[in-house]
Every structure is written in C-alpha cells, then in structure tokens.
Amino acid sequence: MPHLNLSRDTAYQMVVDKIGVNNLLKHILAVEAGMRRLAEHLGEDVEYWGLTGLVHDLDYNETKDDEARHSFLTCEWLAEYDLPEEMLNAIKAHPGHQPCHTRLDWALYSVDPATGFIVACALMHPDKKLAPLDAEFMLRRFKEKRFAAGATRENMAACSQLDLQLGEFLMLVRDGMLTISARLGL
Numbered sequence: 060m061p062h063l064n065l066s067r068d069t070a071y072q073m074v075v076d077k078i079g080v081n082n083l084l085k086h087i088l089a090v091e092a093g094m095r096r097l098a099e100h101l102g103e104d105v106e107y108w109g110l111t112g113l114v115h116d117l118d119y120n121e122t123k124d125d126e127a128r129h130s131f132l133t134c135e136w137l138a139e140y141d142l143p144e145e146m147l148n149a150i151k152a153h154p155g156h157q158p159c160h161t162r163l164d165w166a167l168y169s170v171d172p173a174t175g176f177i178v179a180c181a182l183m184h185p186d187k188k189l190a191p192l193d194a195e196f197m198l199r200r201f202k203e204k205r206f207a208a209g210a211t212r213e214n215m216a217a218c219s220q221l222d223l224q225l226g227e228f229l230m231l232v233r234d235g236m237l238t239i240s241a242r243l244g245l
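Sequential numbering from 60 applies to the sequence shown in the working numbering.
Below is the structure:
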C-alpha cells in the first residue's frame, strides 16, 4: 500500500468544502463506494482506490464550464499531500485527458459513468432501489442508447481492461453503492 498523506476524513472534508452537500456529493460517494468494492474484488488496496474515487471530481464546481481544466485543478489542490503519481494520473485519465494505463486508471474511468447509469437504473426499477437491480436488468438498459445517455457506454465497457464482463462489473459497482444506499436515497 502506498503511504498516503491524505486521510479519508480530510479528503471528505475537502470534498464537502469544494462541492457542497448535493447530488454531486452523492455521485462522488457512489464512485468512492464502487471503487472500494472493485478494489476488494480485484485484490487491490481498498483505501487507496476509495480515496482516488473520493477526490476524483474535487474541482468540478470550478471547472464545469472549462472541461479542459477538469482534474488538473484537482491535482494542483492535492499537490501539498504528495500523493502517488498513479493516483493523480488516474484522476487525469478519468475524463480522458490522458490515456489509461494502470488498473486504477481503468477502474476510475469505468466506475465514474457507471454510478450515474446505476442510479438511473434504480430510478427506473419499480422499487426505485439499488438492491433489486440485477445484471440482466442493467444490461437491457445499457443497450438502450437514449437511457442515461450521459453515462458513456464506451467508458463503462472499458471494464474489460480489468478482465471483467460488463454485467459482473455493473453488479460489483452496484454492490459498492449498496453499502451507502441510505446516503444515496436508494
């Protein structure tokens, strides 16, 4: 495990200070939870992958109208914590500003849109909850291009770079999100 000079509590407080308590915070927490579950499944460092997910959109409010700066400002803000270059590269790769190379890169690149897609699936489900979602339901929705159109299918399908089938990947991310379902309201 890389030594991290940034605790989860400090990172969470930074996110709340920069983002606020809103739907974007729910997205960020969903990505953190999905990354943690994926790390657990893949035998990676759960805390490290979770922290990467937690801070991945730290600069969103500042850069939402300047996509070219998104993630770079986050890395500037995180510089004082001397975080591993791999973490910073994953943050920059998630919106496509640089190519994915590592498992961490591919995971964040895939999980980021998957959380929004899974939330949309839950809201379409008769129960409006995460728990009843299964791979078959989500894969049917995945094929509907207009459904959750903002959730980039190509990014989610990149889970194949982690040797995961799409249905298995979506279930892992959903399982991570289930751990915070009350927080997500799902």
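Where a beta carbon is used, it is the ideal one built from N, C-alpha and C, also for glycine.
Coarse secondary structure for residue i, derived from DSSP in three states
i	result
glycine 79	coil
lysine 85	helix
serine 219	helix
glutamine 72	helix
threonine 133	helix
alanine 92	helix
histidine 62	coil
phenylalanine 228	helix
arginine 205	coil
aspartate 234	helix
Per-residue burial, residue i [other beta carbons within 10 Å of its own, 16 or more giving buried]
i	result
lysine 204	exposed
serine 66	exposed
glycine 109	buried
arginine 242	exposed
arginine 199	exposed
Length of the line joining the Cα atoms of residue i and residue j
i	j	result
arginine 162	leucine 221	6 Å
alanine 179	histidine 115	21 Å
arginine 128	tyrosine 71	22 Å
threonine 99	glutamate 106	It is glutamate, not threonine, that sits at residue 99 in the sequence shown. When rounded, the distance between both Cα atoms is 10 Å.
lysine 85	valine 74	11 Å
threonine 238	alanine 138	30 Å
leucine 225	aspartate 186	23 Å
Range covered by the alpha helix (DSSP H) that runs through residue i
i	result
glutamate 106	105 to 114
serine 240	240 to 243
glutamate 139	Unbroken run through glutamate 139: none, as it is neither H nor E.
threonine 211	It is not in any alpha helix (DSSP H) - threonine 211 carries neither H nor E in the DSSP assignment.
glutamate 121	119 to 122
Cβ-heavy atom distance, residue i to the ligand ATP, below 7 Å
i	result
leucine 110	Inclusion of the ligand ATP in the displayed structure is not the case, the ligand content being empty and no account of it being possible.
Exercise. Considering only residues of the segment 142 to 202, which uninterrupted alpha helix (DSSP H) runs meet the minimum length of 4 residues and lie entirely inside it, listed in chain order?
Worked result: 144 to 152, 162 to 183 and 194 to 202
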